[in-house]
Amino acid sequence: MLEVNWLHLIPLLPLAGAAFCGLVGRWVPKSWVSAVALSAVLLSFLVGVTAFREIAGGEGSPLQIHELVYSWFSVGRLSVDLGLTLDRLSGTLVLVITGVGFLIHLYSVGYMDEDPGYWRYFAYLNLFVAAMLLLVLGDNLVAMFVGWEGVGLCSYLLIGFWFEDDAKSYAGRKAFVVNRIGDFGFLIGVFVLFQATGTVSFASLSGVALPLATASAAAALLFVGATGKSAQLPLYVWLPDAMAGPTPVSALIHAATMVTAGVYMVARLSFLYVQAPGVLALIAVVGTLTALWAALIATSQQDIKKVLAYSTVSQLGYMFLGVGTGAFFAGTEHLLTHAFFKACLFLGSGAVIHGLHGEQDMRRMGGLKRHMPHTARTFLIATIAITGTLPLSGFFSKDEILGQALRTSAFSFLSLTPGSSITLTFLGPLLWAVGTFTALLTSFYMWRCYYLTFEGEYRGPADVHPHESPWTMTLPLWVLAFLSIVALVIVLPPELAHKLHLESITWKHFTEGLFRAARGGPAREFAYFPEIAAYATALAVALVGWRVAVRYFNAGPQGAARAQAFAARFPRLRRALENKLYVDEIYERIFVRPLWAFARWLWRIVDAWIIDGLLVNGTGKAVATAGAWARKFQNGNVQRYAAVTAVGIALLVFVLLTRG
Amino acid sequence: MVGPVHYLVLAAILFALGAAGVVLRRNAIIVLMSIELMLNAVNLTFLTFSRFPLLPAATDNLGARMMQGHAAVFFVIAVAAAEAAVGLAIVIAAFRSRRSVNVDDFDSLRN
Chain R
1 MLEVNWLHLI
11 PLLPLAGAAF
21 CGLVGRWVPK
31 SWVSAVALSA
41 VLLSFLVGVT
51 AFREIAGGEG
61 SPLQIHELVY
71 SWFSVGRLSV
81 DLGLTLDRLS
91 GTLVLVITGV
101 GFLIHLYSVG
111 YMDEDPGYWR
121 YFAYLNLFVA
131 AMLLLVLGDN
141 LVAMFVGWEG
151 VGLCSYLLIG
161 FWFEDDAKSY
171 AGRKAFVVNR
181 IGDFGFLIGV
191 FVLFQATGTV
201 SFASLSGVAL
211 PLATASAAAA
221 LLFVGATGKS
231 AQLPLYVWLP
241 DAMAGPTPVS
251 ALIHAATMVT
261 AGVYMVARLS
271 FLYVQAPGVL
281 ALIAVVGTLT
291 ALWAALIATS
301 QQDIKKVLAY
311 STVSQLGYMF
321 LGVGTGAFFA
331 GTEHLLTHAF
341 FKACLFLGSG
351 AVIHGLHGEQ
361 DMRRMGGLKR
371 HMPHTARTFL
381 IATIAITGTL
391 PLSGFFSKDE
401 ILGQALRTSA
411 FSFLSLTPGS
421 SITLTFLGPL
431 LWAVGTFTAL
441 LTSFYMWRCY
451 YLTFEGEYRG
461 PADVHPHESP
471 WTMTLPLWVL
481 AFLSIVALVI
491 VLPPELAHKL
501 HLESITWKHF
511 TEGLFRAARG
521 GPAREFAYFP
531 EIAAYATALA
541 VALVGWRVAV
551 RYFNAGPQGA
561 ARAQAFAARF
571 PRLRRALENK
581 LYVDEIYERI
591 FVRPLWAFAR
601 WLWRIVDAWI
611 IDGLLVNGTG
621 KAVATAGAWA
631 RKFQNGNVQR
641 YAAVTAVGIA
651 LLVFVLLTRG
Chain V
661 MVGPVHYLVL
671 AAILFALGAA
681 GVVLRRNAII
691 VLMSIELMLN
701 AVNLTFLTFS
711 RFPLLPAATD
721 NLGARMMQGH
731 AAVFFVIAVA
741 AAEAAVGLAI
751 VIAAFRSRRS
761 VNVDDFDSLR
771 N
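As you go down the protein sequences, you meet chains R and V in turn.
So for the first sequence, the working numbering puts the first residue at 1; every next one is plus one.
So for the second sequence, the working numbering puts the first residue at 661; every next one is plus one.
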């Protein structure tokens, strides 16, 4: 471990940029705002690269570099330092956050050009980058929680960026409230860990062996936080609505970085999660169900950003499947590749929306390939990547997750309480099957999205003339598309990487020793199903999804008619999927309305009646009544006073004398 | 034989008369006079116990023994004189503003 004194520059630079944009950005030219915001993130990226070179060097380079910024607070047993740790996991994420973050800042210069809230936008975006970097770099749970809340705040601010629109500001509020539910769990989890160990720092916690019940409780509570932040069942509902924010925000916060914080947290706390095998299984199941659920909804959405949003939820489900099967490296490597191709997809959709003057409905798109060739090509590359088609990065990272699920040993040793041991060997293959089916759906809805948007004939109104975006927007698209392709070298399977002499840079090799192994041991060879068959299956489902999408959505009017006829055969399912499986409506019934009723009861009865009426005004009235009664004695008649005094003294003397 | 009880009963009657005057009479000047009556009832009590002490004397000097009660009486007379001066001044000032010496009229501190 190497102690340095410059690591704090990484989150501090964007923070300073945020302060500049937020405090004086209003009164300086727009070019100054973008210059400061962009250079802050770029400088942060360069410091990140410097730091990364320290740890990524060959033999003898330190495993992590650390900076103790200052002792934050110390209360009783609890003492928290603001420390930053950059190891191979957080270092890579720093590069992704600042790198992709810079590209998205650059893209925003073109996208937000006309917006009156330009300075405000860049202040929030810089603040987000600073908070995300703190989340990733923090060397203890409290620092991580500060970043965790910071990104939540920025997410809220940016979703409701156009707050004059009630629906958008409501979406921001929804995201905030749903995240609060998760954060509550996270906080309790931190308390449980502190109560059990007396420390919150990752370094100390990783050396502690916890009792099974404590480990399970803490791990499950922290995972509740992850379901909120990373949009998993049952708390995923805020992410589709978060698309109300500007599209670059959706790309940066709601696809590439913030929503993966939960996956990062589970991977960072792998030492805790391997001590709670039951919770790991729960994570894998939740992740898989989320992936399937969101993919089903995504097949029937008409809004291009909604498709991508559900796709993000679904891909996050894959990541949780990865970490849940104890394959932390697989989950995090999908996190990395997903950051590139999903950011590219979102920015592409932003370019489309920008070029169509705010149109988001895919039914009024089509044929845009001719008008926006750069956007179409980069979108195509990212689509191939996300569908898991050879040879792009998404194929290997998704297949690694599915392969690990199929062969995992994490479920052969499940126990929530000491003594009991349940073996669920069938669970891994089951999750693999569901995940593979989800991959088919993924391929289908992404190709559907691509074909409806870019192929066929233009179906929008005639007075809208689609146009390609300026270079500040297409350049990030190409860089991200390029990264979606080359990221495959870090996710190559070991055998292949070995042959190509690229083994040392594969993610699995790079993060060796960073994550703990699950209690059931590493993934084993699955005798009945050789690896090559798993690859073939993955490729086959991707191609089947593609063929189906081509048949319905890239076959002209004939295909559209076929799609209509097919949908007409399942009218109820179709309607349910279009309405997002009525989850929002169900939540509205079960949680929101009772909560509103409860809140109204608290307001009308407890607050207005008991607190205001009975306690506050009641105290005043009691004093006033007592005063009105006591006032009667003050009649101003001196002789009455004298009489009362005399009688009083007489009584007093009498009592004193008789009591002797 | 006249003993201390006779004096004390007389003092009590005087005190009661004074107190009744203070409480019952409406004329402020009479009220002041009644207060003087009560003070003099107290003086009489002092003198009684000066003449008929309850405890064995601390000193054999008869003059010194009797002077204790007398000294208190002189104080009371001095205070009573001052009080009468102030009281009468207040009554005159009140009379000037209210054209009355009836204590029932002086109730502006009511409620």
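Heads up, the beta-carbon is just placed ideally off N, CA and C, and yes, glycines get one too.
* Selection from R:S201, R:F515, R:L539 and R:I10 that minimises the alpha carbon distance to L390 of chain R -> R:L539
* Asked: Whose Cβ in chain V lies nearer than 8 Å to the Cβ of V623 of chain R?
  -> Going along chain V, no residue has its Cβ under 8 Å from V623 of chain R, so there is no contact; the nearest lies around 16 Å.
* Neighbour-count burial assignment, I532 of chain R, 16 or more Cβ in a 10 Å radius -> exposed
* Could you name the residues of the stretch 636-657 of chain R whose beta carbon sits closer than 9 Å to any beta carbon of chain A, in the order they occur along the chain? => Among the protein chains in the structure shown, which are R and V, there is no chain A.
* For A679 of chain V, which residues in chain R fall below 7 Å Cβ to Cβ? -> A646
* F675 of chain V CB to nearest chain R CB: under 8 Å? -> no
* Asked: Under a Cβ-count criterion, where at least 16 other Cβ atoms within 10 Å of its own Cβ denotes burial, should R524 of chain R be classed as buried or exposed?
  -> exposed
* To do: On the DSSP bridge assignment, give the partners of I65 of chain R in chain order.
  => R:L2 and R:L86
* For F73 of chain R, which beta-bridge partners are listed by DSSP? -> R:V80
* To do: Take the Cβ of S216 of chain R as the centre, count every other Cβ of all protein chains shown within 10 Å, and call the residue buried at 16 or more, exposed below.
  => buried
* Asked: Is the Cβ-Cβ distance between Y111 of chain R and H354 of chain R less than 8 Å?
  -> yes
* Asked: What residues in the stretch 755-769 of chain V bring their beta carbon closer than 9 Å to a beta carbon of chain R?
  -> V763, D764, F766, D767, S768 and L769
* Outcome for E455 of chain R when other beta-carbon atoms lying within 10 angstroms are tallied against a minimum of 16 -> buried
* **Status (buried if at least 16 other CB within 10 Å, exposed otherwise) for V136 of chain R** => buried
* Listed from N- to C-terminal order along the chain, which residues in the stretch 728-748 of chain V have their beta-carbon within a distance smaller than 7 Å of any beta-carbon of chain R? -> none
* To do: Kindly indicate which three-state DSSP category G367 of chain R falls into: helix, strand or coil?
  => coil
* Is it true that the stretch 374-391 of chain R meets the stretch 440-448 of chain R, where meeting means three or more beta-carbon pairs spaced less than 8 Å apart? -> yes
* V683 of chain V versus chain R: which residues are under 9 Å apart at the beta carbon? -> Q639, R640, A642, A643 and A646
* Ordered list of alpha helix (DSSP H) runs contained in the stretch 731-770 of chain V, each at least 4 residues -> none
* To do: From the DSSP output, read off the bridge partner residues of G138 of chain R.
  => R:L84
* Can the beta-carbon of V741 of chain R be found closer than 8 Å to that of F329 of chain R? -> No statement about residue 741 of chain R is possible, as the shown extent of chain R runs from 1 to 660 and does not include it.
* Asked: Whose C-beta lies closer than 6 Å to the C-beta of E503 of chain R among residues of the same chain, with five residues either side of it excluded?
  -> A497 and H509
* Which value, in whole angstroms, describes the spacing of the CA atoms of W596 of chain R and W603 of chain R? -> 10 Å
* **Identified DSSP bridge partners for D303 of chain R** => R:D361
* Do A294 of chain R and G348 of chain R have their CB atoms nearer than 8 Å? -> no
* Any contact of the stretch 272-280 of chain R with the stretch 245-254 of chain R, i.e. 3+ C-beta pairs under 8 Å? -> no
* **Sequence-distant residues of its chain with Cβ nearer than 6 Å to V489 of chain R (five each side left out)** => L502
* Taking only runs of the alpha helix (DSSP H) that begin and end inside the stretch 229-267 of chain R, which ones reach a length of at least 4 residues, in chain order? -> 238-241 and 247-251
* List the residues that DSSP assigns as beta-bridge partners of N625 of chain V. => As shown, chain V starts at 661 and ends at 771. That puts residue 625 of chain V outside it, with no answer to give.
* Which residue comes first and which comes last in the alpha helix (DSSP H) that contains M663 of chain R? -> Outside the displayed span of chain R (1 to 660) sits residue 663 of chain R, for which this structure offers no information.
* To do: Report yes if the C-beta of L46 of chain R is less than 7 Å from at least one heavy atom of the ligand ZN; otherwise report no.
  => As for the ligand ZN, it is missing from this structure, which has no ligand bound.
* To do: Taking all protein chains shown into account, decide if M698 of chain V is buried (16 or more other Cβ within 10 angstroms of its Cβ) or exposed.
  => buried
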